[in-house]
Structures are given as C-alpha cells and as structure tokens.
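Take a look at the structure below.
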Amino acid sequence: MPTLIKLAGGTAAWADDDFVMVGLEDSVPLSGKVILPLSRYAAEAPAILAQGRKVGVRLEGADEVEALAPFLADLSVIALEFSKFRDGRSFSSARLLRERFGYRGEIRAVGEVLRELAAFMMRCGFDAFEPTDGSTPEEWAATVHRYRHVYQRAADSRAPAFVEREA
Amino acid sequence: MYLYDEIDRDMLADRASEFRGQVARRLSGEITEDQFKPLRLMNGLYLQLHAYMLRVSVPYGSLSPVQLRALAAVSRKYDKGYGHFTTRTNIQFHWIKLKDTPDILDELATVGLHAIQTSGNCIRNITADPYAGATADEVDDPRVWSEVLRQWSTFHPEFSFLPRKFKFAVTASPKDRTAAKAHDIGLVLRRNRDGVLGFEVMVGGGMGRTPHIASTIREHLPADHLLSYVEAVLRVYNRHGRRDNMYKARIKILVASLGIDEFRRQVDAVWALIEQGEIDLPPSELARIRAAFAPLNFESLPAISPTFEAERANNPALARFARNNLRPHKQPGYAIVEVSLKAPGATPGDATAEQMELIADLGERYSLGDVRVTHAQNLVLPHVKLDDLPAVHAALAAAKLATPNIDLVTDIIACPGLDYCALANARAISVAQDIGEKFTSPDKAELIGELKIKISGCINACGHHHVGHIGILGVDKKGEEFYQLTLGGSGAEDASLGEMLGPALAYDRVAGAVETLVDTYLSVRVGDERFLDTFRRVGVAPFKEAVYADAH
Numbered sequence: 468m469p470t471l472i473k474l475a476g477g478t479a480a481w482a483d484d485d486f487v488m489v490g491l492e493d494s495v496p497l498s499g500k501v502i503l504p505l506s507r508y509a510a511e512a513p514a515i516l517a518q519g520r521k522v523g524v525r526l527e528g529a530d531e532v533e534a535l536a537p538f539l540a541d542l543s544v545i546a547l548e549f550s551k552f553r554d555g556r557s558f559s560s561a562r563l564l565r566e567r568f569g570y571r572g573e574i575r576a577v578g579e580v581l582r583e584l585a586a587f588m589m590r591c592g593f594d595a596f597e598p599t600d601g602s603t604p605e606e607w608a609a610t611v612h613r614y615r616h617v618y619q620r621a622a623d624s625r626a627p628a629f630v631e632r633e634a
Numbered sequence: 002m003y004l005y006d007e008i009d010r011d012m013l014a015d016r017a018s019e020f021r022g023q024v025a026r027r028l029s030g031e032i033t034e035d036q037f038k039p040l041r042l043m044n045g046l047y048l049q050l051h052a053y054m055l056r057v058s059v060p061y062g063s064l065s066p067v068q069l070r071a072l073a074a075v076s077r078k079y080d081k082g083y084g085h086f087t088t089r090t091n092i093q094f095h096w097i098k099l100k101d102t103p104d105i106l107d108e109l110a111t112v113g114l115h116a117i118q119t120s121g122n123c124i125r126n127i128t129a130d131p132y133a134g135a136t137a138d139e140v141d142d143p144r145v146w147s148e149v150l151r152q153w154s155t156f157h158p159e160f161s162f163l164p165r166k167f168k169f170a171v172t173a174s175p176k177d178r179t180a181a182k183a184h185d186i187g188l189v190l191r192r193n194r195d196g197v198l199g200f201e202v203m204v205g206g207g208m209g210r211t212p213h214i215a216s217t218i219r220e221h222l223p224a225d226h227l228l229s230y231v232e233a234v235l236r237v238y239n240r241h242g243r244r245d246n247m248y249k250a251r252i253k254i255l256v257a258s259l260g261i262d263e264f265r266r267q268v269d270a271v272w273a274l275i276e277q278g279e280i281d282l283p284p285s286e287l288a289r290i291r292a293a294f295a296p297l298n299f300e301s302l303p304a305i306s307p308t309f310e311a312e313r314a315n316n317p318a319l320a321r322f323a324r325n326n327l328r329p330h331k332q333p334g335y336a337i338v339e340v341s342l343k344a345p346g347a348t349p350g351d352a353t354a355e356q357m358e359l360i361a362d363l364g365e366r367y368s369l370g371d372v373r374v375t376h377a378q379n380l381v382l383p384h385v386k387l388d389d390l391p392a393v394h395a396a397l398a399a400a401k402l403a404t405p406n407i408d409l410v411t412d413i414i415a416c417p418g419l420d421y422c423a424l425a426n427a428r429a430i431s432v433a434q435d436i437g438e439k440f441t442s443p444d445k446a447e448l449i450g451e452l453k454i455k456i457s458g459c460i461n462a463c464g465h466h467h468v469g470h471i472g473i474l475g476v477d478k479k480g481e482e483f484y485q486l487t488l489g490g491s492g493a494e495d496a497s498l499g500e501m502l503g504p505a506l507a508y509d510r511v512a513g514a515v516e517t518l519v520d521t522y523l524s525v526r527v528g529d530e531r532f533l534d535t536f537r538r539v540g541v542a543p544f545k546e547a548v549y550a551d552a553h
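Residue numbers (this note's numbering), protein chains in the order written: chain Y, 468 to 634; chain V, 2 to 553.
Here it is, written out as structure tokens:
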C-alpha cells in the first residue's frame with residue numbers, strides 16, 4: 468500500500484517509495500536506495516553512492532539546509548521533517564533549497580504531514596508528501612488547488628496577484 | 002479606501018468555502034475537537050468559557066459603513082446584539098454557535114470582511130494610525146503600506162506556522178497612535194534629508210509575561226524594499242525563534258537573546274541573498290494600491306465654522322465633547338471625531354448593533370464613508386465638517402456614544418477578562434466600571450487630563466497593562482482575584498514599561514487605589530504635567546506611600 472503522494476505538473480498521484488528511511492541507530496541496508504539522517508550523511512553517503520545507489524537525506528526542523536550545499540548534486544531526495552504540524556521551520560528550509568541553492572530534485576514532507584498544509588508545502592517547493600492523516604491524492608490535489616490566487620511569490624511558479632493584475 | 006477587486010474577493014470566497022468544509026467534518030464527527038482546534042484557530046474561532054468566540058479582522062482598523070452594518074447584522078442575527086472591539090482593532094463576537102460560523106463568514110465575505118489570520122502563529126492584522134489620511138502630521142498614508150503588508154502576509158506559505166503570533170504596526174506620524182514600539186515589528190514612515198520615503202524599522206516589542214520595548218534595527222529602509230526586508234526578518238525568526246516554550250517564542254525573546262546588533266547582522270545576511278526584485282512590489286502595483294488612498298474630495302472651507310462656534314457657545318455638552326473628542330484635521334473646516342465606546346458603566350470596546358448602525362449612518366452622511374477603529378477600543382469618524390459637528394454630536398449623544406472622555410481617566414482599555422476568556426485569572430471589565438464610578442465628574446476628569454489606564458485579566462496582557470500610565474494586571478491568589486498595579490508605562494512615541502507599585506491589591510481595593518494615585522498626582526503635579534510626566538519626575542515613592550499608607 469503506497470504512502471507517498473507525488474505532485475507533478477499540478478496532478479497528485481500515489482507513488483511507489485523505493486527509498487528506505489534509515490534511522491539514527493539503524494544499519495544501512497546492503498542494497499537499494501536509502502535516505503540517511505543528516506548527521507550520518509557526510510560520513511556514509513560516499514561509499515553508498517560509489518556503489519551506484521541513490522541516496523537521500525533527512526533533515527529535522529532545526530537542521531540547517533546550508534549544510535547540504537556541498538552535496539546537492541549527489542542528492543536524489545531531501546526529506547524535511549515536520550515534527551509537529553505547527554513547526555514551520557521546514558517551510559523555510561524548502562524555499563532556501565529551491566530559491567537560493569537551485570536544488571531541483573525531490574523535496575519530501577515527512578513527519579506530521581496534514582492535508583491543511585498541502586498548499587503551503589507545495590508553494591514552498593515540496594513535491595512529495597507522506598501524509599499522516601489518511602489523505603488520498605485526490606484530497607491532496609483538491610487542497611492544493613483550493614485557492615484560485617496567491618498574493619506573494621514563493622518557490623513555485625504561481626503568478627502572484629500583482630502579476631495577474633498587470634495581465 | 003481600498004476596495005477589494007475580483008482577486009481579493011475570490012480569496013475570501015475560497016477561504017469561506019474551505020472553512021465550511023472543515024466545520025462540516027467536525028459536525029459530522031469525521032474529525033475530533035482536537036483535530037478541529039488548529040483548523041478553527043486559523044479562522045479566528047476560539048472556544049471560550051461559555052461559547053465560541055469569533056474574531057473578525059478589521060484590516061488596519063478601517064471600515065466602510067457597509068462593512069460596519071454587516072458587523073451589526075451578524076451581532077444581531079448570530080450573537081446577542083453587540084460586538085466587542087479589541088486592542089488589535091478587530092471585533093469579537095462572544096456568543097457564537099459553531100454551526101453558524103460558515104454562514105457568518107459567507108455573509109462577511111460579501112462585504113470584504115473575514116476572520117483570516119485573527120488567531121494562530123501567523124502574521125496578524127496590521128495596526129495602522131487611526132487618523133491616517135486625516136491628520137496633518139503624517140508624511141505618507143500608512144494605509145498604503147498596511148494594505149501592501151496585508152496582501153503579502155495573507156496565506157504566506159512560509160510564515161503561517163511561526164514560533165508564535167506576529168504583529169505589525171504602521172504609522173507615518175511623529176505622534177504614535179499605534180503603540181508601534183509594543184509590536185513585533187513597528188514601522189514609522191519618515192523622509193530622510195534627501196526626501197526619500199523610508200521606514201524606521203523597530204523589532205522585538207511586545208507585551209505578555211516578558212514585555213519589551215522594540216529596538217531599532219534599521220533607521221531608514223527605503224520604502225519600496227519593505228516586503229523583501231520584512232521577509233528577511235521573518236525568515237530569521239521562523240528558523241531561529243524558540244519553539245520549545247510558548248512563553249519564550251515571540252521574536253522579542255530572540256532579539257533580546259541575540260542582541261539587536263547580531264540580529265541585524267543575521268537579517269542583513271538573509272536580505273542580501275533574497276531576490277529582492279521578486280518579492281518587492283512592482284511600481285505599478287504600489288501605484289494601484291496608493292490610488293485607493295488618494296486624497297478625498299474635501300470641500301474648501303474656512304478654518305473656523307460660525308455655525309459650530311455659535312452652537313458650541315450655547316451648548317456646554319457640545320463644548321466639552323469638542324474639547325476632548327476632536328482632533329485637528331489636515332483640511333481646514335474639518336475635524337477628526339473620536340467616538341467613545343467607554344460610556345459610564347459600559348464594557349470598554351462594546352458596541353450594540355444599533356450603535357454600529359448609527360455610526361455607519363453618520364460615517365456615510367458626514368465622514369466621506371470612512372470609519373476607523375482605534376487600539377484604545379474606540380471608533381473614529383475621520384472626516385467631519387465643523388459645520389456638521391452639532392448634528393453629529395446630537396446623534397451620538399442620543400445613542401450614548403458622545404462620552405467626552407478620549408484619553409481621559411475613564412477612557413480605559415480592558416480585555417474581556419474572566420467574564421469571557423478561558424485564559425483569564427481575574428475580571429477586567431468590572432474593574433474598569435468600578436474605576437469609572439469613582440470619576441463620574443467630567444470636570445474632574447478634564448482637570449486630571451490625559452491618563453491612560455489599561456487593564457489585563459491575565460499575564461498575556463491583551464489589555465496592554467505594561468504600557469498603561471496606570472497598568473492593572475489581574476492575578477489569581479489562591480482562588481481570589483488580586484491586582485498588580487504598575488505606573489509610568491507608555492505605548493506611544495515615548496514608550497516605556499510600567500514600574501511596579503507594590504504588593505497586589507484585592508479586587509475591592511483597586512478603584513480606590515486608582516483614586517488615591519490620581520489625588521497624589523494632582524497634589525504634586527507642576528504646571529500642565531500629565532500623570533505620566535509627573536510620575537517620571539517624582540518616581541514611584543509618593544504614589545506607593547499614599548496607596549499603602551491607606552491600607553493600614
């Protein structure tokens with residue numbers, strides 16, 4: 468049963484998640500794609516990448532995305548955690564990855580990921596989601612598209628109201 | 002006034018329909034109260050002691066008569082026939098049924114009103130000078146920038162889950178009527194020596210259990226860079242503000258712990274890396290918003306109105322009202338009229354549906370369709386012709402809205418307190434009423450002069466007690482209501498935090514203590530010193546002596 472929703476070209480769909488999330492204390496599987504915690508990435512990723520395997524990284528809200536700058540070209544997935552839905556730090560992390568560092572790979576929302584946050588996440592640059600509220604891709608997409616306009620620029624391509632008004 | 006265009010109206014309609022869906026999920030039991038709570042709190046819907054409370058936003062305190070009538074209609078149809086104007090210049094309805102809230106939001110949306118970002122850890126309603134566009138001493142219209150900030154902050158994707166709530170104030174006048182230095186960000190518009198319009202940006206002010214006066218982070222930010230700069234401030238705060246303790250989560254704590262210089266360095270570093278041209282508004286949009294606040298079509302009138310002067314000479318009530326509730330208007334022949342919501346025995350900030358409708362009518366007929374809400378919980382008719390003052394005064398007086406007490410001892414700010422609020426330790430409204438009873442003589446009130454009393458029913462300080470000339474804080478002592486008095490606070494351009502008077506007083510001693518403080522002031526004041534000036538000159542000692550000597 469898939470638990471990952473991916474957003475591409477405005478449509479949301481279930482996606483197979485072939486990455487294994489490696490916890491702080493877990494041993495790294497011998498094959499396949501993995502997502503490592505930030506604290507283990509620098510030491511362990513090079514060997515896994517050298518095997519031709521794909522590697523991602525997981526950041527908690529307090530982790531600073533600036534630490535990823537040297538690794539961005541190697542990263543397949545960056546998972547940003549919402550330890551609680553109220554913890555909005557990962558919104559800033561995602562925007563920085565997209566806007567300042569130009570990262571174009573997958574940014575995945577993990578942790579307490581609720582439908583009500585979908586539009587904010589999408590606007591900040593998230594394109595993959597592990598919802599914890601049982602949302603379906605249809606429900607997810609409906610929330611993302613609920614608002615017909617936005618007022619400000621962010622990491623997505625939506626034209627803000629001040630651009631729409633000029634048209 | 003800024004009129005919502007199709008985009009602005011779509012935003013409100015989309016929000017109202019989203020909330021209708023969320024309420025339906027709650028009423029059907031699909032989601033629990035625990036799951037619903039964060040959703041309703043994004044819509045200004047609180048569960049209080051007796052009922053749901055809905056807080057409706059009045060963006061930068063500016064209302065059209067049509068909007069004010071809609072608020073009156075909501076209070077009559079869905080509440081008990083009144084509403085409560087707050088120190089955030091919003092209006093609260095305290096007796097709301099959950100099932101009615103989607104209909105209320107729909108009705109409000111038809112007149113451009115909403116409850117967006119009136120609660121939650123997001124950017125809240127912007128406070129602006131209530132005399133904007135009317136006062137002679139402003140260098141620009143602060144509503145222009147307030148509207149710029151309103152749009153930018155509405156559903157901001159990065160800043161909707163900040164460590165804690167976030168409040169802006171904007172003023173363009175040297176006389177601060179917004180309590181700018183008590184806000185998370187206070188913006189004061191000025192022109193520099195070259196005539197360039199810019200903001201003094203102040204950051205880290207706030208009330209609550211650790212009050213702070215804001216520090217200046219930038220002396221002169223070119224006005225057209227406002228959005229990119231505040232985006233940098235908010236990003237530093239969102240990433241580094243404390244999230245482990247809600248009482249230490251406001252930006253004031255971050256600024257205090259880093260120091261203003263280090264905080265400034267971090268903001269500047271972020272700002273330098275932001276694509277400022279993407280975030281700052283293009284000149285065309287700024288011009289569009291500015292046009293909405295273009296100077297009104299005032300009539301050319303003499304500075305003195307013989308009609309008004311003659312009436313005032315014959316009508317002592319009008320004369321007293323004119324002395325206390327009028328403020329100079331930039332246009333000769335006009336006045337700014339303050340409408341007091343502090344009648345004797347009234348709940349500070351409450352207005353009945355009939356009163357709201359009357360003020361709406363007066364605003365339409367006599368004030369160019371403009372009504373304002375002040376952070377002192379009064380209303381303002383900003384553009385009244387002197388010739389019309391006798392008629393306006395008579396109409397207000399007939400509706401108990403002509404209390405001549407603006408900035409005087411009975412113009413008290415009070416939060417709803419234990420009468421409504423689930424957080425409160427003590428009553429605030431009845432303390433205000435008791436104090437009012439001690440000062441029923443309007444002659445004495447005028448003799449006392451400017452005196453700002455502010456009452457909060459708990460340490461969250463919604464009544465701004467820290468910046469009251471006399472501040473009163475309700476505390477709970479073993480189940481009994483006690484009150485901590487502070488003196489010498491100010492939320493204006495001369496901002497300061499009040500100093501503790503002494504041990505907390507029991508409920509029934511508070512009004513008497515205020516009377517003693519006032520008598521002490523009158524006995525030691527020099528010339529036309531205000532209470533605040535006298536306190537700053539003589540210190541707390543004579544006041545303390547008088548109040549606590551009285552106790553023995």
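In this text, a Cβ means the ideal position worked out from N, Cα and C, and glycines have one as well.
In this structure, how does DSSP classify residue i when only helix, strand and coil are distinguished?
{"i": "residue 635 of chain V", "result": "Only positions 2 to 553 of chain V appear in this structure, which leaves residue 635 of chain V out of reach."}
{"i": "residue 277 of chain V", "result": "helix"}
{"i": "residue 494 of chain Y", "result": "coil"}
{"i": "residue 478 of chain V", "result": "strand"}
{"i": "residue 468 of chain V", "result": "helix"}
{"i": "residue 235 of chain V", "result": "helix"}
{"i": "residue 73 of chain V", "result": "helix"}
{"i": "residue 108 of chain V", "result": "helix"}
{"i": "residue 130 of chain V", "result": "coil"}
{"i": "residue 520 of chain Y", "result": "coil"}
{"i": "residue 553 of chain Y", "result": "coil"}
{"i": "residue 514 of chain V", "result": "helix"}
{"i": "residue 367 of chain V", "result": "helix"}
Let me confirm a value: residue i is counted as buried when at least 16 other C-beta atoms fall within 10 Å, else exposed. Which label applies?
{"i": "residue 176 of chain V", "result": "exposed"}
{"i": "residue 44 of chain V", "result": "buried"}
{"i": "residue 274 of chain V", "result": "exposed"}
{"i": "residue 158 of chain V", "result": "buried"}
{"i": "residue 305 of chain V", "result": "exposed"}
{"i": "residue 384 of chain V", "result": "buried"}
{"i": "residue 527 of chain V", "result": "exposed"}
{"i": "residue 216 of chain V", "result": "buried"}
{"i": "residue 266 of chain V", "result": "exposed"}
{"i": "residue 193 of chain V", "result": "exposed"}
{"i": "residue 4 of chain V", "result": "exposed"}
{"i": "residue 339 of chain V", "result": "buried"}
{"i": "residue 512 of chain Y", "result": "buried"}
{"i": "residue 247 of chain V", "result": "exposed"}
Expressed to the nearest angstrom, what Euclidean distance is found between the alpha-carbon atoms of residue i and residue j?
{"i": "residue 103 of chain V", "j": "residue 115 of chain V", "result": "11 angstroms"}
{"i": "residue 83 of chain V", "j": "residue 452 of chain V", "result": "27 angstroms"}
{"i": "residue 65 of chain V", "j": "residue 186 of chain V", "result": "27 angstroms"}
{"i": "residue 544 of chain Y", "j": "residue 490 of chain Y", "result": "15 angstroms"}
{"i": "residue 57 of chain V", "j": "residue 496 of chain Y", "result": "54 angstroms"}
{"i": "residue 254 of chain V", "j": "residue 298 of chain V", "result": "46 angstroms"}
{"i": "residue 389 of chain V", "j": "residue 367 of chain V", "result": "7 angstroms"}
{"i": "residue 560 of chain Y", "j": "residue 32 of chain V", "result": "30 angstroms"}
Measuring from the CB of residue i, is there a heavy atom of the ligand COA at a distance below 7 angstroms?
{"i": "residue 274 of chain V", "result": "No copy of the ligand COA occurs in the structure displayed, which carries no ligand at all."}
Near residue i, what residues of its chain come up, given a Cβ to Cβ distance below 8 angstroms and the 5 sequence neighbours on each side ignored?
{"i": "residue 28 of chain V", "result": "99 and 100"}
{"i": "residue 21 of chain V", "result": "103, 106 and 107"}
{"i": "residue 375 of chain V", "result": "62, 90, 131, 178, 339 and 381"}
For residue i, which residues in the same chain have their Cβ closer than 7 angstroms to its Cβ, ignoring the five residues on either side in sequence?
{"i": "residue 527 of chain Y", "result": "548 and 550"}
{"i": "residue 14 of chain V", "result": "110"}
{"i": "residue 333 of chain V", "result": "302, 303 and 304"}
Can you tell me which residues form a DSSP beta bridge with residue i?
{"i": "residue 457 of chain V", "result": "V:474"}
{"i": "residue 198 of chain V", "result": "V:192"}
{"i": "residue 339 of chain V", "result": "V:381"}
{"i": "residue 564 of chain V", "result": "Missing from the structure shown is residue 564 of chain V; chain V here goes from 2 to 553 and no further."}
What residues in its chain sit with their C-beta under 6 angstroms from that of residue i, if we drop five residues either side in the sequence?
{"i": "residue 538 of chain V", "result": "none"}
{"i": "residue 168 of chain V", "result": "125, 184 and 185"}
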